[in-house]
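Presented below is the structure to which this report refers.
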Amino acid sequence: MMLLSSMDRRQSSSFARYLDGESWEIKDALRDAIAKCELFESSSYELTLDQSRDLTAERLYHLLRLPFMKEHLRNQLKEKQKGFINKSLGITEIICSADMSTGVKLGVVCGLYGGAVSNLGSPEQKIKWYLPVSELEFTGMFAMTERGHGSNVRGIITEARYNQSTQEFIIHTPSEDAQKMYIGNAMKGNYAAVFAQLIINGESQGPHCFIVPIRDQNGVMWPGVTTIDMKHKEGLHGVDNGILIFNNVRIPRENLLGKFGSVSADGLYSSPVLSKSSRFNAMLAALTPTRLGLTVQAMAAMKLGLVIAVRYSHSRRQFGPKDQDEVKIIEHQTQYLRLMPHLAAALALIFTTRYAAGLMDDALCQGQDLQSNRALQALVAGLKAYSTWENVACLQDCRECTGGMGFMMENRIPSLKCDSDVFVTFEGDNMVMLQVVVRELLTQYTKLMGNNLVMGLIRNWTSSVSDSLRTSFLGFSVDKVGDLMFLLKAVSFRERVLQRSLASRLYTKVEKNKEEFFMAWNACLHHVTTLAMAHIHRVTLEQFALAVRECHIKEDRALLTKFCLLHGTSLVYQERAWYLEHNYLTPNTSQQIRSQLLELCRSVKDDALKVVDDFNIPSCCIQAPIAGVANPRAEWAFYPQPQYPSSTQPLSKL
Ligand SMILES: Cc1cc2nc3c(=O)[nH]c(=O)nc-3n(C[C@H](O)[C@H](O)[C@H](O)COP(=O)(O)OP(=O)(O)OC[C@H]3O[C@@H](n4cnc5c(N)ncnc54)[C@H](O)[C@@H]3O)c2cc1C
1 MMLLSSMDRR QSSSFARYLD GESWEIKDAL RDAIAKCELF ESSSYELTLD
51 QSRDLTAERL YHLLRLPFMK EHLRNQLKEK QKGFINKSLG ITEIICSADM
101 STGVKLGVVC GLYGGAVSNL GSPEQKIKWY LPVSELEFTG MFAMTERGHG
151 SNVRGIITEA RYNQSTQEFI IHTPSEDAQK MYIGNAMKGN YAAVFAQLII
201 NGESQGPHCF IVPIRDQNGV MWPGVTTIDM KHKEGLHGVD NGILIFNNVR
251 IPRENLLGKF GSVSADGLYS SPVLSKSSRF NAMLAALTPT RLGLTVQAMA
301 AMKLGLVIAV RYSHSRRQFG PKDQDEVKII EHQTQYLRLM PHLAAALALI
351 FTTRYAAGLM DDALCQGQDL QSNRALQALV AGLKAYSTWE NVACLQDCRE
401 CTGGMGFMME NRIPSLKCDS DVFVTFEGDN MVMLQVVVRE LLTQYTKLMG
451 NNLVMGLIRN WTSSVSDSLR TSFLGFSVDK VGDLMFLLKA VSFRERVLQR
501 SLASRLYTKV EKNKEEFFMA WNACLHHVTT LAMAHIHRVT LEQFALAVRE
551 CHIKEDRALL TKFCLLHGTS LVYQERAWYL EHNYLTPNTS QQIRSQLLEL
601 CRSVKDDALK VVDDFNIPSC CIQAPIAGVA NPRAEWAFYP QPQYPSSTQP
651 LSKL
């Protein structure tokens with residue numbers, strides 16, 4: 001049994017507690033449980049595909065059997081559970097740090113399948129189709145994507161025809177394009193939440209979600225169901241993805257998840273939502289919490305990559321002044337310039353995700369459904385895109401910054417890269433997510449302007465809007481390039497200009513020039529995605545700044561302030577060409593931003609060791625010998641954990 005190292009047993013610092021947030025207790029319980037469990041002792045890259053999948057399943061079942069996990073799953077069925085989303089995200093993060101496949105499989109079974117049942121089912125259906133999952137009697141999968149329709153899920157063609165004489169639905173795959181693809185847990189799971197066109201008396205009522213048995217607990221397939229193993233992928237080898245084909249599969253009428261539409265015994269359809277399009281949007285909203293979970297999964301990967309790269313950079317030495325010791329590689333300007341902005345972004349993501357989770361928890365506690373909260377859906381979509389891209393860039397830099405050692409499987413970064421690469425694609429392709437953000441921003445803008453013309457064009461997205469995306473902000477007094485206020489104003493300015501110019505372009509194209517909407521939108525797509533990123537950048541900086549203000553421990557606040565300035569400076573630096581184009585920066589202030597970025601990165605490079613330690617990731621999850629975690633299989637990779645430098649670097653006058 002793996003023992004907790006002295007590092008793991010140390011008391012959490014105030015900073016670590018602040019980063020963990022309100023869900024620290026359940027996170028600590030899970031860290032402890034994982035550190036004590038032999039199943040998580042070694043990495044799994046040497047295993048065959050089948051062994052990887054079996055190990056992932058064993059790990060998942062082990063975790064789901066823990067009493068506090070069982071209780072948490074049961075709470076998913078209760079209405080108005082305070083802090084449920086925040087806790088779920090804490091759980092997701094810790095499990096993903098231990099093993100990404102286990103975290104993703106948990107996401108499929110509890111987040112996607114469980115989310116479909118709990119958000120789309122009646123109270124009785126939740127008991128019937130989800131309670132047994134918390135008792136590990138069976139597991140589920142989520143089958144939305146088809147060969148022919150991935151991002152455009154509205155176009156799915158799997159059929160669910162109602163047969164009045166037997167009171168059954170007949171689930172059928174009418175063509176190759178209708179085959180359900182990439183479905184996680186397809187080779188092991190028992191039930192699928194299947195999205196299909198509901199057809200009654202030959203008329204389609206649009207996509208609905210049905211519980212379809214796939215195989216029983218002994219592996220015997222349900223009549224008419226075929227699964228095909230998709231086998232090898234770039235990563236996530238422990239997750240069994242497969243194809244589902246339905247040949248006139250008969251399921252009882254009660255298996256239609258009925259919150260947004262049900263069929264009476266005599267074949268009468270009823271729904272609380274009249275329009276087919278709004279109905280489908282409401283069903284898609286069931287994905288919102290799991291999508292936020294993906295942001296946390298990406299953060300887990302980033303944090304691990306950063307712990308490994310920052311520690312190694314403080315241990316490894318290369319080059320140096322003549323006749324002196326070689327310097328630690330973190331001292332090379334390019335090394336801290338590559339790593340520190342990612343560390344700042346990881347911190348920004350912690351606070352922004354917590355903010356989104358808080359909004360979601362509040363909404364659920366007040367009995368609001370997520371379906372009608374488009375602003376929250378847009379925030380989550382934007383965070384999903386930003387965090388998963390940021391993760392890919394971060395892990396690549398971590399890999400390069402750890403040289404040849406970073407390429408070795410024992411040092412964890414290669415598998416993190418392969419496992420998390422797909423995060424940019426699944427649960428909503430990032431390009432599509434950015435468009436969700438902008439539709440909401442334009443709705444808000446149109447509302448503000450009182451202009452119903454553009455609103456009409458995007459009416460599918462506008463039925464109900466709240467203002468929670470427009471976070472207000474507190475003032476900081478002085479306004480110089482080196483001040484947070486300057487940076488906040490800069491990112492807000494950019495978002496506002498992009499928003500106004502996009503609305504005007506679309507208005508001209510569609511209203512004045514009568515261009516077809518899809519074509520007009522597509523001609524502006526680069527503008528659309530740029531606006532979405534500008535928006536999410538602004539939100540992350542604001543949330544980071546608020547988290548600085550709310551931090552009551554002086555030293556911790558000072559530390560966060562430096563990283564917050566760094567995050568803002570890095571955001572403005574990335575877009576300096578745009579700011580110069582729009583005369584927001586002069587050549588002179590643009591140069592100041594560059595110097596500021598370099599100086600901030602230098603000043604936090606030693607603090608970085610404390611920050612990554614305070615991510616509070618147990619050694620059994622870090623695994624990498626170059627990060628000071630001994631591994632008898634790879635003694636050649638071991639670098640002792642670096643000591644904190646005696647004093648942290650002051651920030652020189654900018
Ligand atoms: C490992 C893995 C696990 C998965 N698990 C599940 C699961 O359990 N259940 C499930 O239902 N699905 C699952 N999926 C499917 C996943 O959700 C889809 O792959 C995803 O939605 C993208 O669809 P697609 O692959 O058809 O890509 P496409 O939609 O064909 O996209 C391909 C490219 O076209 C671009 N594109 C498409 N539309 C637009 C647009 N409107 N504007 C701009 N660019 C666009 C995209 O940006 C992308 O670059 C999984 C996929 C993978 C790889």
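Each residue of the sequence shown is one higher than the one before, starting from 1 at the first, in full-length UniProt numbering. Glycine included, C-beta positions come from ideal geometry on N, C-alpha and C.
Residue(s) in a DSSP beta bridge with residue i
{"i": "Q197", "result": "E159, P207"}
{"i": "G140", "result": "Y191"}
{"i": "S262", "result": "S270"}
{"i": "L242", "result": "Residue identity differs from the one stated: residue 242 is Gly in this sequence, not Leu. Answer by DSSP bridge pairing, in chain order: I183, D229."}
{"i": "L256", "result": "F210"}
{"i": "R317", "result": "K328"}
{"i": "E168", "result": "N163, P252"}
{"i": "R215", "result": "M221"}
Own chain partners of residue i with C-beta closer than 8 Å, once the 5 adjacent residues on each side are dropped
{"i": "H62", "result": "C37, L39"}
{"i": "S420", "result": "M100, G235, Q297, A298, A301, T388, N391, V392, L395"}
{"i": "Q377", "result": "A285, T288, L370, V436, E440"}
{"i": "S43", "result": "M409, E410, R412, S415, Q623"}
{"i": "I593", "result": "V481, T569, V572, Y573, R576, L585"}
Other residues of its chain near residue i: CB distance less than 6 Å, five sequence neighbours each side excluded
{"i": "D229", "result": "M187, G242"}
{"i": "residue 663", "result": "Outside the shown range of the chain, which is 1 to 654, sits residue 663, and nothing can be said about it."}
{"i": "A608", "result": "V310, L343"}
{"i": "L347", "result": "F563"}
{"i": "T540", "result": "A348, T352"}
{"i": "residue 657", "result": "An answer regarding residue 657 cannot be provided, because it is not within the stretch 1 to 654 covered by the chain."}
{"i": "R74", "result": "S134"}
{"i": "R53", "result": "G238, D240"}
Identity of the residue in the options nearest residue i by Cα
{"i": "E176", "options": "S165, I156, Q591", "result": "I156"}
{"i": "R316", "options": "F260, S122, G406, V438", "result": "G406"}
{"i": "S501", "options": "I34, A192, N281, L531", "result": "L531"}
{"i": "L416", "options": "A627, S619, F142, A98", "result": "A98"}
{"i": "I26", "options": "I214, I91, G403", "result": "I91"}
{"i": "R161", "options": "G293, G450, I251, G358", "result": "I251"}
{"i": "M431", "options": "H314, L525, G403, F246", "result": "L525"}
{"i": "H332", "options": "Q324, N86, G320", "result": "G320"}
{"i": "G382", "options": "E137, R291, M69, N588", "result": "R291"}
{"i": "K78", "options": "I171, E203, A196, G115", "result": "G115"}
{"i": "I95", "options": "L47, D32, T48", "result": "D32"}
{"i": "T295", "options": "I170, L268, L379", "result": "L379"}
{"i": "A196", "options": "R65, Q179, N185, M433", "result": "Q179"}
{"i": "K605", "options": "T145, V307, M181, P632", "result": "V307"}
{"i": "V528", "options": "M433, S619, L580, A547", "result": "M433"}
{"i": "S23", "options": "K610, G358, Y644", "result": "G358"}
{"i": "L106", "options": "A29, K82, R65", "result": "R65"}
DSSP-derived helix/strand/coil call for residue i
{"i": "N281", "result": "helix"}
{"i": "R147", "result": "coil"}
{"i": "V220", "result": "coil"}
{"i": "L448", "result": "helix"}
{"i": "R412", "result": "coil"}
{"i": "G628", "result": "coil"}
{"i": "N247", "result": "coil"}
{"i": "E128", "result": "The sequence given here has Lys at residue 128, not Glu. K128: helix per DSSP, three-state reduction."}
{"i": "Y312", "result": "helix"}
{"i": "C365", "result": "helix"}
{"i": "E234", "result": "coil"}
{"i": "E542", "result": "helix"}
{"i": "H552", "result": "coil"}
{"i": "F638", "result": "coil"}
{"i": "Q333", "result": "helix"}
Spatial neighbours of residue i in its chain, beta-carbon cut-off 7 Å, leaving aside the 5 residues before and after
{"i": "D266", "result": "Q164"}
{"i": "A634", "result": "E410, P625"}
{"i": "L484", "result": "F476, A545, C564, L565, G568"}
{"i": "S466", "result": "Low confidence applies to S466: its pLDDT is 31, below 50, so where it sits in the model is not reliable, and the reading given next is rough at best. So the list reads N373, A375, once near-sequence residues are dropped."}
{"i": "R59", "result": "L39, F40, D99, T102"}
Sequence ranges, alpha helix (DSSP H) only - wholly within the stretch 565-620, length at least 4: 576-581, 587-604, 607-613
Every unbroken alpha helix (DSSP H) within the stretch 370-437, with a cutoff of 4 residues, ordered by chain: 374-401, 413-420
Ranges of the beta strand (DSSP E) found wholly within the stretch 494-523, counting only runs of at least 3: List check, beta strand (DSSP E) in window: nothing returned.
Within the stretch 17-103, note down every full beta strand (DSSP E) run reaching 3 residues or more, in order along the chain. none
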